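Residue numbers (UniProt numbering): 1 to 539.
For reference, the structure is listed below as structure tokens.
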Ligand code: G3I
């Protein structure tokens, strides 16, 4: 049933929560919620209630949760989500009815006719339960039906029923709740590519046949190391032209661990870009983030060595990405605020180590009405300056810097309407030498686990073999030909050809004589090739 939670209201205050800014733009900003922290953690509940006006159940509405045995329905988790949303005036997107994962074995083994009936019954019971509930407004009817090359995914659904299961599922959902908005949802369809074009063609043809497809969901599981899909807005627009609503349904932006201020800044830019793309397309209903805190995220369990994909850290502190989402949603809500904040003072550096530094500057003020939102810190590098980090206060701790490198940096202030101040005068500092001290170190790597086309090296043990403490180390090693790095943890890795250089993280560079620390990494390799890295050296 459709509800009216998102009607445009008066312009929001700059410091208001995300949902206030989103609603003032007629959009939703959502989060996927997990039932366990929702019942056990106050901070989780409070942020979920305060910041978001849309909720998706991360797992509680999937088939294995709602109908674990045939015709035995269990709505405890689903009801908990819907009740929470009702209490907090949030809309619920039902996720998901027909998917090849998290579907019980009893369904997968059915013959064609019994499988068709099972789909009808499941959809009628699950969608039917919430049809008169004003909080539940939309459903992912089918999820992830394509392979990466745009062919139909060879799932048990497709292999048993052919493509007809898709239209059948949409018709069953329409019959169960004529008012709900019905979506098809997938990943790696954010940019224009073979998979998104297959989606486009399918949606177009289903609608021509009168199949009730109202909406397309673009999951948005992105990673900073793979680049941003710059044609996202253009892609959303081509789907909108088919007459469907579009939405970003599962946004998270992961990185190779450990985090540092520069990766956080890149991630913040990606979050901002996604919000801006949705704001720019009238048919885009909103953006749902897949979780909100790094404490509860599917990413580290799935991508070895990657994480920190969300807008709050694991201690429920807002990250630069929160600020980016906030500022993007607030953009323009200062009404006619085109006045930038005053230019910040010259930054001064302190606590400079081989890979980190603290900068402080005198604060800016903002008189344009939208209020001071924070600061961007840039490194001057000729024509293309890089964003090193973002801060909401007049100082920042930069991490992940390169040893023995001169940094020329400046700061710009940002207001709630997105206006940027002039550049502060630049300051220069130089990071110290990486590995120093008496007598060297050694490194040895052990393959922990391997499979057809990849393996994990864990631990690489770094030992101070000298007689005095070292406060930074650099390990190099060689990847066999055709092998590529897929992730790492507890060190910062860069690759040149097949040579990998691993530098300590900011928390494991100090080693007393004879002390050891470890890091690890994951590698992709050609199928069946059993070579492993060699030539570990430490300096
Ligand atoms: O509930 C059991 C628990 O009892 C058991 O002890 C534990 C041990 O592994 O597993 C728990 O189930 C896990 C479940 O999440 C709940 O935490 C499953 O193993 C785990 O596979 C499952 O992962 C979910 C994944 O879908 C399944 O494919 C993730 O939480 C969820 O974020 C993820 O979400 C999907 C979207 O639905 C569709 N798009 C992609 C997205 C990310 O994969």
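Beta carbons are placed, not taken as given, at the ideal position from N, Cα and C, and that holds for glycine.
Here the structure is a predicted model, which is why all the values come from computation and not from measurement.
Legend entry - Sufficient close CB pairs (3 or more, under 8 Å) joining the stretch 271-280 to the stretch 241-254: yes
Legend entry - According to DSSP, residues forming a beta bridge with residue 398: 357
Inset, instruction - Report the residue from 512, 307, 470 whose alpha carbon sits nearest the alpha carbon of residue 503. - result: 470
Inset, instruction - Have a look at the DSSP bridge pairing and note the partners of residue 54. - result: Under the DSSP definition of a beta bridge, residue 54 partners with 30, 91.
Inset, instruction - May I ask which residues mark the beginning and end of the alpha helix (DSSP H) holding residue 237? - result: 232-240
Legend entry - Contact check, residue 53 vs residue 90, beta carbons under 8 Å: yes
Inset, instruction - Label residue 301 either buried or exposed according to how many other C-beta atoms from any shown protein chain fall within 10 Å of its C-beta, with 16 as the threshold for buried. - result: Exposed: under 16 other Cβ atoms inside 10 Å.
Legend entry - Helix, strand or coil at residue 244 [DSSP, three-state]: Residue 244: coil per DSSP, three-state reduction.
Legend entry - Reference residue 449; option with closest CA among 396, 473, 523: Closest in C-alpha terms to residue 449, from the list 396, 473, 523, comes 523.
Inset, instruction - Could you check what DSSP says for residue 221 in three-state terms: helix, strand or coil? - result: Looking at residue 221 - three-state DSSP - the assignment turns out to be strand.
Inset, instruction - Take every Cβ of the stretch 209-220, pair it with every Cβ of the stretch 173-190, and state whether three or more of those distances are shorter than 8 Å. - result: yes
Inset, instruction - Report yes if the C-beta distance between residue 404 and residue 431 is below 8 Å; otherwise report no. - result: yes
Legend entry - Contact set for residue 464: own chain, Cβ-Cβ below 7 Å, skip 5 residues either direction: 441, 470, 511, 512, 513, 514, 515
Inset, instruction - Return yes when at least one heavy atom of the ligand G3I lies under 7 Å from the C-beta of residue 143, else no. - result: yes
Legend entry - Member of 508, 55, 231 whose CA lies at the smallest distance from the CA of residue 19: The option with the nearest alpha carbon to residue 19 is 55.
Inset, instruction - Flag residue 250 as yes when its Cβ comes closer than 7 Å to any non-hydrogen atom of the ligand G3I, and as no otherwise. - result: yes
Inset, instruction - To the nearest angstrom, report how far apart residue 252 and residue 310 are at their CA atoms. - result: For residue 252 and residue 310, the distance between alpha carbons rounds to 6 Å.
Legend entry - Cβ neighbours of residue 27 in the same chain (closer than 8 Å, five flanking residues each side left out): Within the same chain, residue 27 has close Cβ partners 6, 278, 279, 284, 285, 286, 287, 329.
Legend entry - Residue burial classification, residue 533 (beta-carbon count within 10 angstroms, cutoff 16): buried
Inset, instruction - Go to residue 494, then tell me how far its beta strand (DSSP E) extends in each direction, as first and last residue. - result: It spans 491-496 - the beta strand (DSSP E) in which residue 494 sits, taken as one unbroken run.
Legend entry - Buried or exposed by the 16-neighbour rule on C-beta atoms within 10 Å, applied to residue 451: exposed
Legend entry - Assigned exposure category for residue 315 - 16 Cβ within 10 Å defines buried: Residue environment: residue 315 is assigned as exposed (fewer than 16 neighbouring CB atoms within 10 Å of its CB, all protein chains considered).
Inset, instruction - Name the one or two DSSP bridge partners that residue 378 has. - result: 387, 410
Legend entry - Cβ-Cβ distance between residue 399 and residue 261 below 8 Å: yes
Legend entry - Under the three-state DSSP convention, the category residue 15 falls into: DSSP places residue 15 in coil when its eight states are reduced to three.
Inset, instruction - Would you grab the beta carbon distance between residue 472 and residue 434 for me? Rounded to a whole angstrom, and I think it's under 8 Å. - result: Confirmed, Cβ separation roughly 4 Å.
Legend entry - Span of the alpha helix (DSSP H) around residue 176: 164-176
Legend entry - Limits of the unbroken alpha helix (DSSP H) element including residue 108: Counted as a single uninterrupted DSSP element, the alpha helix (DSSP H) harbouring residue 108 occupies residues 105-108.
Inset, instruction - Could you pull out every residue in the same chain whose Cβ sits closer than 6 Å to the Cβ of residue 223, ignoring the five residues on either side in sequence? - result: 254
Inset, instruction - Answer yes or no: the CB of residue 433 versus the heavy atoms of the ligand G3I, is any distance below 7 Å? - result: no
Legend entry - Span of the alpha helix (DSSP H) around residue 154: It is not in any alpha helix (DSSP H) - residue 154 carries neither H nor E in the DSSP assignment.
Legend entry - CA-to-CA distance, residue 87 to residue 372, given in whole angstroms: 32 Å
Inset, instruction - Return the CA-CA distance between residue 334 and residue 416, expressed in angstroms with no decimal places. - result: Any reading at residue 334 must be qualified, since the residue scores a pLDDT of 46, below 50, and its modelled position is unreliable; the value itself is stated next. Computed Cα separation, rounded: 7 Å.
Legend entry - Within the stretch 310-351, ranges of the alpha helix (DSSP H) (whole runs, at least 4 residues): 320-330
Legend entry - Closer than 7 Å: residue 148 CB and nearest the ligand G3I heavy atom: No, the beta carbon of residue 148 sits no closer than 7 Å to any heavy atom of the ligand G3I.
Legend entry - Within the UniProt domain "CBM2" (434-539), ranges of the beta strand (DSSP E) (whole runs, at least 3 residues): 441-451, 454-464, 474-478, 484-489, 491-496, 499-504, 516-524, 534-538
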